[in-house]
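Below: one structure, written as structure tokens.
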Amino acid sequence: MADLVRSDIEAYAAAHTTPLPAALQRLHDEATRELPYPSMLSGPVVARLLQTLVAAARPRLVVEVGTYAGFSALAMAEALPPEGRIITLELDDRHADFAQRHVDASAYADRIEIVRGPALESLARLDGPFDLVFIDADKTGYPDYYEAALAKLAPDGLIVADNTLRGGDVLAPDSEGDEAIAALNDRWAGDPRVVATQLTVRDGVTILRRRQNA
């Protein structure tokens, strides 16, 4: 998987994005050291993008598919309105344990709930409407996560999907994950139910909103 943006430009963007709070930076650094897949962390620029979307949308309920270290959930929690909460879904107990420890130590422990188990089963049990959904989990599962999220999305809700450029591999997909994301990108662009915006931020972030009357 190639770098989409020159490393010096990535570094420049990070340097010109408001620094993370100290606790969130420590979480990021610890997860990079202790968890097996540092590339799964959203990174500071995506974290600030998510915060901005939360601050603008003022969601009462954020649902995250894929907790990993809890980094993005805690980043979003900083921008929640007073009545907002986050439910984040995680299959791997090691990841959930790591995230729970950091959530418990944060100022947002009463606003973030980690739900363990297969995400589709958890999504089916959750009551909507979902005001914002962040999808950052197994790539072959994205099509099903998208449909499950859209079925319970608030009329003015947002779905945000990470890693939708796959390091550029969506141009010539040669793995099951790349093929799933490439096909989904094509589908989103023509889906009459949503308006999709594909951003070339980091590894690709797609923002989807419901069309009016869809």
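Taking this note's numbering as reference, the numbering of the sequence shown is continuous, increasing by one, and the terminal residue is 308. Backbone N, C-alpha and C fix where the C-beta goes; we use that ideal spot for every residue, glycine too. No experiment lies behind these values; they were computed from the predicted model shown.
Top-ranked residue by Cα proximity to residue i, from the options
i, options, result
"Gly-261", "Pro-249, Ile-253, Ala-276 and Asp-250", "Ala-276"
"Asp-297", "Asp-230, Ala-283, Leu-147 and Gly-284", "Asp-230"
"Val-156", "Gly-178, Val-209 and Ala-169", "Gly-178"
"Glu-158", "Leu-259, Pro-249 and Leu-185", "Leu-185"
"Ala-235", "Leu-247, Val-209 and Glu-270", "According to the sequence displayed, residue 235 carries Gly and not Ala. Looking at the Cα atoms, Glu-270 is the closest of the given residues."
"Ala-290", "Asp-123, Gly-160, Ala-255 and Tyr-162", "Ala-255"
"Leu-252", "Asp-263, Arg-154 and Ala-116", "Arg-154"
"Pro-175", "Arg-152, Leu-147 and Gly-160", "Arg-152"
"Ala-116", "Glu-215, Glu-172, Gly-160 and Val-227", "Glu-172"
"Ala-248", "Ala-190, Tyr-239, Val-227 and Pro-267", "Val-227"
"Tyr-239", "Ala-283, Ala-167 and Gly-160", "Gly-160"
"Ala-201", "Ala-245, Ala-167 and Lys-233", "Ala-167"
Residue burial classification, residue i (beta-carbon count within 10 angstroms, cutoff 16)
i, result
"Ala-218", "exposed"
"Gln-306", "exposed"
"Ile-180", "buried"
"Tyr-131", "exposed"
"His-110", "exposed"
"Thr-300", "buried"
Test item: CB-CB of residue i and residue j under 9 angstroms
i, j, result
"Leu-183", "Gly-211", "yes"
"Arg-287", "Pro-237", "no"
"Val-295", "Val-139", "yes"
"Leu-214", "Ala-169", "no"
"Leu-98", "Leu-293", "no"
"Asp-272", "Lys-233", "yes"
inquiry  = For the pair the segment 193-208 and the segment 131-148, tell me if three or more CB-CB distances fall below 8 angstroms.
reply    = no
The segment 186-201 contacting the segment 218-236, beta-carbon criterion three pairs below 8 angstroms = no
message = List, from N- to C-terminal side, the beta strand (DSSP E) runs of 3 residues or more that fit wholly inside the segment 184-251.
response = 206-210 and 224-229
key: Continuous alpha helix (DSSP H) assignments of at least 4 residues falling wholly in the segment 118-178   = 138-151 and 165-171
ask   = Can you list the alpha helix (DSSP H) stretches of 4 or more residues lying completely in the segment 245-308, in chain order?
value = 270-284
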